[in-house]
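The next block holds one structure in the form of structure tokens; read it before the comments.
Protein chains: 2
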Amino acid sequence: MTDPTAPGPLAAIAALIADPARARMLAALMGGEALTAGELARVAGVTAATASGHLARLAEGGLLLVHPQGRHRYHRLASEEVAAAIETLGGLATRIAPVRQWKHGEDARRARLCWNHLAGRLGVALHLRLTGEGWLTPVPGGWDASRDGRVRLEATGVDLARAETAPRFACDCMDWSERRPHLAGGLGREIASAWIASGWLRRLPAQAEDDILARRRLVLTPEGARGLKDGLGLDLAA
Amino acid sequence: MTDPTAPGPLAAIAALIADPARARMLAALMGGEALTAGELARVAGVTAATASGHLARLAEGGLLLVHPQGRHRYHRLASEEVAAAIETLGGLATRIAPVRQWKHGEDARRARLCWNHLAGRLGVALHLRLTGEGWLTPVPGGWDASRDGRVRLEATGVDLARAETAPRFACDCMDWSERRPHLAGGLGREIASAWIASGWLRRLPAQAEDDILARRRLVLTPEGARGLKDGLGLDLAA
DNA sequence: AGGATGCTTCGCCGTGGCCCGAAGCGTCCG
DNA sequence: CGGACGCTTCGGGCCACGGCGAAGCATCCT
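Those protein sequence lines, which keep their order, are chains A and B.
Just so it is clear: in the first sequence, position 178 is 233 by our numbering, and no numbers are missing.
Just so it is clear: in the second sequence, position 102 is 157 by our numbering, and no numbers are missing.
Right under this line is the structure:
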């Protein structure tokens, strides 16, 4: 005999996201990096005491993973599915209340980081190209790279070996602004970080602190555009 | 200068789902049918007065559409994206807290109604078959049926003309139990209702009232299995 | 050591929300 | 027309939850 007033699992999860402070924390974590409790407290605009309580609840609820390191406690989203759920919910919010348009429609859509892989137009185009050429094929739980694909990707600076040691996730994370699958999982993460490291992509600082979700806007640098065209035959001018 | 304590859109939407009574209402509406305020009050386990307030908030928040009819007021989910968001969130809940397993794992997964189109194993298999044979190709905003596809589908009792008048939605609604796209939109709806009407599929009564989401379980009848095999070459025995 | 820093626990207060019963409209029916 | 029914609005009570400051641990630095 279960308590009829007990919130079902759906309400319970939603309640975790429903608090403004917690939502700000989660949004901040959508970038994919792990942040300390103090940083999250600042982002959320509450004291350390309050933030501590929130973080405990989020971790307890399974949305966050905690990684203690010295006197810091790093927090990150528990999984790609958590990120996807927040993404979907956030997309719904903007779709329902189209209060604010994208600052510069096309620009913002072009490339961005979702969770921590490439999303937006670039992410979709990349996904299309890599699978279209047979360089990458989705397999249950991850991706399979053809011999040709390995060479191509590694020529762009992507460390495939490292991507393969990372936990695999078959998150065909749906991108609400493009409505097409993009490249997620360990490989997507590796690609994004490699190209950011090599300067092909550059992060833009968050424009508005309380932006829809604290997505990381990205710009493709001229070198990046050249590299993608030469290495992968991906011409983004079109 | 916006109020810094104002809940962002993410938190606002989540808050709508976060209340147990409202969550039960939304879950009940996941079947896709429109329900009256009274029915929803009963489902949620609250008085009509309380339910009225909840429904007003949900409609105000854009999650529900209201359709007054005589002295009744019918409510339904505002869009497929709303359904998808709830679906995703619900999936997250069960994934994180695998409290209760599916009663009979395989059976329950086999076929069910998501929102109001086919989901589960059957939905995915159908999607695969129809697109694999080139009978159906996704186009922005809906589906395109080849000449062959039209004949095949209409032979199974699907009214394509009616499906085309329905509002189109390119909801490649991701199915969390199968993690593959299934057939959504006006066509998906039409297919589901046609096959249910002809007895190929039969609805099962909800087992537990407070089930994860009030998904409609479906069984494929022997006639349905035969019809799918003969008409579409879809053999579900495998 | 001793002190600074990061984080958590505790106790308290304030408020927002949820809930209900009663009353007020609109609609349908005999 | 009167009454039943469906739904909404209003007023009031109640509890949960978010917020803070102070105190308590743990860790790092010198």
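No residue lacks a Cβ here, since even glycine has one placed at the ideal position from N, Cα and C.
If you draw a straight line from the Cα of G189 (chain A) to the Cα of A216 (chain A), it comes to about 19 angstroms. The continuous stretches of beta strand (DSSP E) do not include L95 (chain A), which lies in the alpha helix (DSSP H) extending over residues 92 to 99.
For the options A:L242, A:S248, A:E209, A:A83, the alpha carbon positioned closest to that of H130 (chain A) is the one of A:A83.
Under the three-state reduction of DSSP, L118 (chain A) is assigned to coil, being neither helix nor strand.
The alpha-carbon separation between V274 (chain A) and G282 (chain A) amounts to approximately 14 angstroms. Those residues of the region 71 to 100 of chain A placed with their C-beta closer than 9 angstroms to a C-beta in chain B are L71, I72, A73, D74, P75, A76, R77, A78, R79, L81, A82, G100, ordered along the chain.
The alpha-carbon separation between H182 (chain B) and T91 (chain A) amounts to approximately 44 angstroms. In the DSSP annotation of this structure, the continuous segment of the alpha helix (DSSP H) that includes L65 (chain A) starts and ends at 64 to 73. Counting C-beta atoms within 10 angstroms of its own C-beta, T102 (chain A) has fewer than 16 neighbours from the protein chains shown and is therefore classed as exposed. Spatial neighbours of A78 (chain B) in its own chain (CB-CB distance under 8 angstroms, excluding positions within 5 residues in sequence) are listed in chain order as I72. Look at R126 (chain B) here: in three-state DSSP terms it is coil, with no helix or strand label. Comparing alpha-carbon positions, the option among B:G116, B:G117, B:L95 lying closest to S107 (chain B) turns out to be B:L95. L289 (chain B) and D203 (chain B) have their C-alpha atoms spaced approximately 15 angstroms apart. Under the 8 angstroms criterion on CB atoms, L144 (chain A) is classed as interfacial with respect to chain B.
In this structure, the CA atom of L81 (chain A) is about 33 angstroms from the CA atom of E209 (chain A). Contact of L147 (chain A) with chain B is assigned, a C-beta pair being separated by under 8 angstroms. R112 (chain A) and A67 (chain A) have their alpha carbons spaced roughly 11 angstroms apart. The beta-carbon distance between A140 (chain B) and L65 (chain A), rounded to whole angstroms, is 11 angstroms. This is too long to meet the 8 angstroms contact definition. Contact annotation, L118 (chain B) with L132 (chain B): C-beta distance approximately 7 angstroms; criterion of less than 8 angstroms satisfied. When DSSP states are grouped into helix, strand and coil, L283 (chain A) belongs to the helix group. It is roughly 10 angstroms from the alpha-carbon of T276 (chain A) to the alpha-carbon of W250 (chain A). Taking C-beta atoms under 8 angstroms as the contact rule, A76 (chain B) and H109 (chain B) qualify, at a distance of about 6 angstroms. Buried is the label assigned to V98 (chain A), since at least 16 other Cβ atoms lie within 10 Å of its Cβ. Assignment of A138 (chain A) by DSSP, reduced to helix, strand and coil, places it in the helix class.
Cβ neighbours of G212 (chain B) within its own chain (closer than 6 angstroms, five residues either side excluded): A249, S253. When the Cα atoms are used, E136 (chain A) and L242 (chain A) turn out to be separated by approximately 16 angstroms. Taking a C-beta distance under 8 angstroms as the contact criterion, L287 (chain B) and R184 (chain B) qualify as a contact pair.
Collapsing the DSSP output to three states places A133 (chain B) in coil. Of the residues assessed, G125 (chain B) falls on the exposed side of the cut-off, its CB having fewer than 16 other CB atoms within 10 angstroms. The CB of A111 (chain B) never comes closer than 9 angstroms to any CB in chain A; the least such distance is about 16 angstroms. Under the 10 Å beta carbon count, R257 (chain B) is surrounded by fewer than 16 other beta carbons and is classified as exposed. A69 (chain A) counts as buried, since no fewer than 16 other beta carbons sit within 10 angstroms of its beta carbon. With a beta-carbon spacing of about 6 angstroms, D214 (chain B) and E245 (chain B) fall inside the 8 angstroms limit used to define contacts.
Rounded to whole angstroms, the gap between the alpha carbons of P123 (chain A) and G100 (chain A) is 22 angstroms.
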